[in-house]
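Chains as they are written, first to last, in this note's numbering: chain V, 198 to 541; chain E, 198 to 541; chain P, 11 to 336; chain Y, 11 to 336. The structure under discussion appears below in the form of C-alpha cells.
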Ligand SMILES: Cc1ncc(C[n+]2csc(CCOP(=O)(O)OP(=O)(O)O)c2C)c(N)n1
Ligand SMILES: Cc1ncc(C[n+]2csc(CCOP(=O)(O)OP(=O)(O)O)c2C)c(N)n1
Ligand SMILES: [Mg+2]
Ligand SMILES: [Mg+2]
C-alpha cells in the first residue's frame, strides 16, 4: 500500500539521535512487551476456552499503542475500539484487570459486564472502547470540546483502523474537529485489512486516512507504525500542536496485525509471504535492535522481558482463580442511581 | 467563498463558441424561465396561503438545473432534495403537476401525499426528492449500480447542497461510487448557506465539494453555477465519462439562492449587499445576454417568456380549480399490493 | 405568573439551566446565530455567547457524539436534533452509545445529556418531517424519555432533564410551539417519571402524551357533555421512567383504559402500557383496553389527509363511547 | 430430505433465489471472498461471481442506499448488515427511506429488497453486538419483518422475502446458525405473514420467535411432563405482516396468552400482540396475558450473566405455571 516515498517519509524520524532518552526508550520497550505478552496469553487462554466471547488482538501493532501512550500526560484521554487491549495496557492498566475482563471474571476491568470489546478504565484516562465502527470519533471530539471549553490542557486521542475511514462518522468527526479546532488526535492504524477484506479493495485512495486529511484542511501525516520512536515523535508533535490550540491531527500509522481479525479468524485471505515480510519488521524486534544500538545492556532488556512474563503469569493465575461475576450485577449501573428501574 | 482562481476556472467555459447551438440554447433558456416563473408563482401562492406546508425554492439557481437536464438523455435518472422543484421541472414535468403538489391538490404529482419536499415523476426519470440530508447520494449509487450491472447506458445524477457535504452519507456514497466506478454524477449546488448558517462557518475547507474530491480519487471540478452554458458543458463531460465506464464525478456549482431557505425564512442573516451582488449575476439575465450575443432575436426570447407565463398562469388556474385529494388515498400504496395491511 | 408560548418556554427553560450552571452548553444546527428553525432558541446566543451556544455543521452524528464526549468528561450538554425524524441518521448514539456506556463500563462512565427535538405532525411537512418517534427511544434500555404538553411542563421537565445524571431524550411537539399557557415566575423544576392527572374522572382512563393531551381533554369534555361519560385524563409526560403507579391507580378506579397515541400503531408506547395493565390489573378491567393511534402508515403531506390521520377529538370520543357501550 | 444447519440454509436460500433470477444480487461487508463473518454466505462468490456477490467498504449507509437505488430501478438486492446492532448506523434507510418512498411517491416508486442480518444474543459479545432489534423494525410502517427459527423456514421465508415486492427485514439468529434441522429437497418457498402452531395445546398459548422458539417448545414439554399443563406453542415467524388470525384463534382455544421475547421489555413485539389480544379477545382471556422478556437493560458480556438474561426454559415454565396457578 505504502509508496516508496511514504516509506522514506515514514522512517525519516528514526535516526539514532537521543532526543528520546534511555528512560523513555525503556518505557516504550516495556509497554510493547507487556502488550505482546498479554495478547499472546489472551490467545493461549482462548485456545483453552478460558477467554470467552470474541477478542481482537494487536499483535504486531504494539508500537502504535506504546508510542502514543508514551507521549501522553496524565489526564489525556484515550478512546479505543474493540481492538483496544493494547491501548488500555499502554496507559498502565494492569494485565490482570484486562485478562480478567477477557475471561469474564469478577476481577476484570468491568467485572465481565462489558467484555473484551469495551475495555474502560476511567482512572487511567481510557474512556471506553467502542465496538460500533466510527462511533467514538465524534465522542472524542466531545471530550476535546470539554477541554477547550474549560481551558484544560488535556488532549483526547482516538484510535481506529483503516476500514473505519470509510464510514460516515469518520467524516463528520474530522470536519467537526477541524472547524471547532479541537484538541483531538485521530490515529488511524492502517493494518491493511478491514475484517478480512484488503483495505485497497474498498477504498478510493491508497492511504485511507492520509490521503483524506486535506478534506479537513489537515496535514497529510503517514508514518511507520512499527517503529515506536517514530510514532512517539509524531505523537509528541501532535500533542504539542493540540495543547497550543492548533487543533486536530490525523495520523496514519502503517502497521500489520500478526494474528487474524478476531479469535474466529485464521486469516487465510493473506497473500503468501505477506505475514512473513511484516514479521521481519516486527515492532518489538525493531525496538530491541534500537535499544542495543543505543548501548543498552542485554541484561537490562532481558530483565524487562522476564519481569513482564512474570507479571503476565501472575495475572493469568489470578484470573484463573477469580470468581465469575455475581449475578446481582446484572441489573446494576443501567442508570446513575445504580439501578435499572424504568418504572415506579 | 470562491477564490479568484476558481472564478477564472469557472468562467473559462463560457466563451462565445457555438458547440451548443441555437436549439439547445433556447431549450436551456426556456427551462430556466419555466423554473423562475413557476417558483415565483409558488411563492405568490404561498403568500395567498394556497401553498401548504413548507417549500424550498431555487430562485437564482436555475442554471444548474437547466444545464444538467439539458445534458441528460431520456432514461437518465435524477435524484433530488426537498429543493427539487427546479430539477423536476427541468426534466419536463408539467408546471401544473408540480404546483398541484405544492398546493396539495389531487392533480399534484403525488396527489398531495408526498408534498413539496418529495416531488417524484418516475416517467420523467425523477426518482424521488429526499428530505433527509444526504440520504439520496447512496440511493443514486444504487441506481447507477443497476445500470452498470445491466449494461445499460443511463447515468444517475444526484443534486444536493453545500451543507450536505458535511454529513456522513456524503462520504460513504462518494467512496462507494469511486470504488465501484459507478456511472453517477454528484452535483453540489453551493449556494453559500446550509439553512441559515454560512457554509464557511461549519466547513473545514473553502470548497465543500471541490476540495474533497481528492479524498475519493476524483478530479476537483468547481464551476460557475449561474451560467447555464458552463454547467451544460461540464455536465456533458461528466455524462460522457460516466457512459464510457469512467466512473463518478463530483461537481461543485457556485450559485446563490435569491429567496430564503424555505418559506418561513426571511434570510436576515445575509451580509448587506450580498444578494444584490448575486442578482447582478442572475442566471436568467446572464443567459438572456448570451442569447442576444448569439444574435437571437429579441422577439424569440420574448415569445418564450410570454409562453411560459401563460403556461404558469394556466397551471395556476387548473390547480386552484383542482379538488383536494380524496381521503381514501390515505391508506393506499403503503405496500405493493396497493394497501396498508400489516395483519390478516 | 405569565402567559408564555410553548416555544418561549423552551427558551426560558434552557436559559434557566444555563444561568444556573456554567457547565450547561448547547449545540445544534442553526440554533445559535439564527435562533433555531422553530425559533425556539432565539436570544440564547446573545445571552450566553458563542462558547456556550454553538452552531454545528449538518452532522447529526458529530452533534450527538460531541454531546456524549462532553457529558462523559464533565459538561452537561443540550443537543438539538432539528426534527426527530433525523434521529435515524444518528441512531447509533441513541441506541448503542448513550444508553450503554455506563452499563458496559460497570459504572465508570456517565452520560448526563439532553437531546431536544421537534417531534410530531401537523405542519403538512410530509412523511420525513412529521413523525412521532417517542417509541424509537422508549424501547432502548438506558434512556429516559419525556414529552411535555404545556409551557409549564416544558420548563419544569427540561430543568429536570438537564439536572438528571442520565441521558434524556426531550420531545417537543412542533404543533404545540405556538400554544400558550400560564407559567409561574421564578425557577421551575419538575420531576421525571411523573404522570399528571389533568382531569379526574370515574368511567374511563384516557392516557395521552404531548399534542394528544389537549385532544384527550377536549374529548373528555365532549364525552361528559354529550354522553355522560366521566373520563379521567392522564398526561403521561414521561415514558421512561414510567409512572405506572399513577396509571394503575387510575385504572383501578375507572376500570377502563384508553391510550391516545400519535405514534403509528405497532409497538407504540400505548402497547407497552396496555401490556402492563393487562398483566398487573387484569381483574380491574371491566372491558378491553383500547388504543387510539395514528394508523400504521407513513404520514401524508396534504392538509386534509394529515388532519384525519392523527387521533382527532371525534375519533377519541367515538372510540370511548362505543367501547363503553353508551 | 437432508439435515442442514441454519447457517447452510442461509447459503442455500440465497443460492436458490440467485439461480432463479439473475436480478437478485448480494452485497455486504466481507460477504463475498471471505464468505461472511458467520460463514453464512460461503461459496456464493464462487458460484455467482464478482458482479453478483460484492464486498463493500464499512459503509452501512452506502450498502443500504445502494440496495434501495438498485431495487427502485429493477434489481432485487439482498443486503447484509453483519450484526443487527449496526442498523443504528443506517437507520435512516430502514425508518425513513425504504418504507416511505412508495407511499410518498403515490405508488410511483418501489423498493423490493431484503436486508439480512445477524440478530440476538448468546455469543458473549456484549451490549453492542448481541441485541434483538426486531422491534426497531416492527414499529416502522411500510416494512415487512420476519425471523425464522429453523433451517427450513430460513430457506422458505428468505425465498418469500426475495420474491416480495416490498422491503423485508430478515432476522437470522446468531445463536441458531449452528443448529440443525430437516429440509426437503428442491425449491422451498414459504409465505410471509404466516405463524405456525408448532405444538398444539389446550391450556395456554405461548408465542415465540427465533431463538425463543426452541425454548418455548422445551418449556411446553416440561410444563406437560411436570405440571400437566398442555401449552400451545406458536412460532410467530413474521412480525409484519402479523398473522393475528392464528394468534387470536389460538387464544380463543386456550384462553391464556404468554409471549416469549428476546427483545428488551419496553415496546417489544409482545406488547403489540398483547394489546391486540387484550382489545379484540378480551372476553376470551381467562387470566392476564403475561410477557416473558429480556429485562430492560443493556446486555452483559459475561457468560454466566448472559445465560440468565434472556428468557430461559425454566423462566418460561415458572411464569406459565405460576400464572396458571398449578
Ligand atoms: C458499524 C459497524 N460495521 C461493521 C462492524 C464489524 N466490524 C468490526 S471490526 C471491522 C473491521 C474494522 O476494520 P479497521 O477499521 O481497519 O480496524 P481493524 O479491525 O483492522 O483494527 C468490522 C467491519 C462494526 N463493528 N461496526
Ligand atoms: C439529516 C438532516 N439534517 C438536517 C436537516 C434540516 N435541513 C434541511 S435543509 C438543510 C440545509 C441544507 O443545506 P444545503 O445542503 O446547503 O442545501 P440547500 O438547502 O442550501 O439547497 C438542513 C440543515 C435535514 N433535512 N436532514
Ligand atoms: Mg484494519
Ligand atoms: Mg446550501
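C-beta atoms are modelled at their ideal positions from N, C-alpha and C, and glycine is treated no differently.
With residue i as the anchor, note down where its beta strand (DSSP E) starts and where it stops.
{"i": "residue 10 of chain P", "result": "Because chain P is modelled from 11 through 336, residue 10 of chain P falls outside the range shown and cannot be assessed."}
{"i": "residue 249 of chain P", "result": "248-250"}
{"i": "residue 533 of chain E", "result": "It is not in any beta strand (DSSP E) - residue 533 of chain E carries neither H nor E in the DSSP assignment."}
{"i": "residue 242 of chain Y", "result": "241-245"}
{"i": "residue 429 of chain V", "result": "First-last for residue 429 of chain V: 425-440, but that is the alpha helix (DSSP H), not the beta strand (DSSP E)."}
{"i": "residue 183 of chain P", "result": "178-183"}
{"i": "residue 324 of chain V", "result": "323-327"}
Exposed or buried, residue i, counting other C-beta atoms within 10 Å across all chains shown (16 or more means buried)?
{"i": "residue 11 of chain P", "result": "exposed"}
{"i": "residue 474 of chain V", "result": "exposed"}
{"i": "residue 252 of chain P", "result": "buried"}
{"i": "residue 21 of chain Y", "result": "buried"}
{"i": "residue 141 of chain Y", "result": "buried"}
{"i": "residue 61 of chain P", "result": "exposed"}
{"i": "residue 357 of chain V", "result": "buried"}
{"i": "residue 406 of chain V", "result": "buried"}
{"i": "residue 369 of chain E", "result": "buried"}
{"i": "residue 242 of chain Y", "result": "buried"}
{"i": "residue 336 of chain P", "result": "exposed"}
Take residue i and list the residues in its own chain whose beta-carbon comes closer than 6 angstroms to its own, dropping the five residues that flank it on each side.
{"i": "residue 440 of chain E", "result": "350"}
{"i": "residue 304 of chain V", "result": "297 and 519"}
{"i": "residue 200 of chain Y", "result": "166, 167 and 170"}
{"i": "residue 312 of chain V", "result": "250"}
{"i": "residue 459 of chain E", "result": "251 and 253"}
{"i": "residue 102 of chain P", "result": "none"}
{"i": "residue 237 of chain P", "result": "331 and 336"}
Could you give the residue range of the alpha helix (DSSP H) that holds residue i?
{"i": "residue 292 of chain E", "result": "292-299"}
{"i": "residue 63 of chain P", "result": "Per DSSP, residue 63 of chain P belongs to no alpha helix (DSSP H); it is in the beta strand (DSSP E), 63-65."}
{"i": "residue 25 of chain Y", "result": "16-30"}
Is it the case that the Cβ atoms of residue i and residue j are separated by a distance below 7 angstroms?
{"i": "residue 217 of chain P", "j": "residue 244 of chain P", "result": "yes"}
{"i": "residue 191 of chain P", "j": "residue 210 of chain P", "result": "no"}
{"i": "residue 178 of chain Y", "j": "residue 206 of chain Y", "result": "no"}
{"i": "residue 450 of chain V", "j": "residue 261 of chain V", "result": "yes"}
{"i": "residue 151 of chain P", "j": "residue 307 of chain Y", "result": "yes"}
{"i": "residue 352 of chain E", "j": "residue 273 of chain E", "result": "yes"}
{"i": "residue 275 of chain V", "j": "residue 218 of chain V", "result": "no"}
Starting from the C-beta of residue i, find all residues in its chain whose C-beta is less than 8 angstroms away, skip the five residues before and the five after it, and write them out in chain order.
{"i": "residue 328 of chain Y", "result": "none"}
{"i": "residue 521 of chain E", "result": "301, 302, 303 and 309"}
{"i": "residue 298 of chain P", "result": "333"}
{"i": "residue 95 of chain Y", "result": "138, 139, 140, 141 and 143"}
{"i": "residue 332 of chain E", "result": "366"}
Among residues of its own chain, excluding the 5 on either side of residue i, which ones have a beta-carbon nearer than 7 angstroms to its beta-carbon?
{"i": "residue 531 of chain V", "result": "537"}
{"i": "residue 324 of chain Y", "result": "none"}
{"i": "residue 145 of chain P", "result": "273, 277, 278 and 279"}
{"i": "residue 338 of chain V", "result": "370, 373, 374, 379 and 381"}
{"i": "residue 345 of chain E", "result": "379 and 380"}
Checklist entry - In chain order, what residues have a CB nearer than 6 angstroms to some heavy atom of ligand 3? => result V:358, V:359, V:360, V:388, V:390 and V:391
Checklist entry - When you check each C-beta in the region 363-393 of chain E against every C-beta of chain B, which residues fall closer than 7 angstroms? => result Of the protein chains in this structure, namely V, E, P and Y, none is chain B.
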